Amino acid sequence: MGVMEELKGKGKQVVADITDNEALKSEGEAQRSKGAEERKETEARVEAQAHEKKADLHEQKQDMAES
Numbered sequence: 020m021g022v023m024e025e026l027k028g029k030g031k032q033v034v035a036d037i038t039d040n041e042a043l044k045s046e047g048e049a050q051r052s053k054g055a056e057e058r059k060e061t062e063a064r065v066e067a068q069a070h071e072k073k074a075d076l077h078e079q080k081q082d083m084a085e086s
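Those letters in the sequence shown? Residues 20 to 86, per this note's numbering, in order.
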C-alpha cells in the first residue's frame with residue numbers, strides 16, 4: 020500500500036539528510052512520490068466502489084418502483 024512506501028521514502032530522506040547522501044535522498048523522494056500515487060489510486064478505487072454500490076442501490080429502488 021502507498022502509505023508504507025511513503026514512510027520508507029521519508030525514512031530514507033531523513034538518513035540521507037543526516038549522512039549528506041544525495042543519491043539516497045533522491046531514492047527516498049522517488050519512493051515517497053510512488054507511495055503517494057499508490058495511496059491516491061487506492062483512495063480513488065475505494066471511492067469508485069462506494070459510487071458503484073450507491074448506483075446499485077438506486078437501481079434496485081428503480082426496479083422495485085417499476086414492479
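Glycine residues also receive a C-beta, built at the ideal position from the N, C-alpha and C atoms. All of these numbers come straight from a predicted model, not from anything done at the bench.
Residue from the options whose Cα sits closest to the Cα of residue i
| i | options | result |
| --- | --- | --- |
| glycine 28 | Asn40, Asp39, Glu41 and Gly47 | Gly47 |
| alanine 24 | Leu76, Arg58, Asp82 and Ala69 | Per the sequence presented here, residue 24 reads as glutamate, with alanine not at that position. If we check each option's Cα against that of glutamate 24, Arg58 comes out closest. |
Exposure label - residue i; buried when at least 16 CB within 10 Å
| i | result |
| --- | --- |
| glutamate 62 | exposed |
| glutamate 56 | exposed |
| arginine 51 | buried |
| glutamate 66 | exposed |
| lysine 31 | buried |
Residue i: first and last residue of the uninterrupted alpha helix (DSSP H) it sits in
| i | result |
| --- | --- |
| aspartate 39 | It is not in any alpha helix (DSSP H) - aspartate 39 carries neither H nor E in the DSSP assignment. |
Local conformation of residue i per DSSP, three classes
| i | result |
| --- | --- |
| serine 86 | coil |
| methionine 23 | helix |
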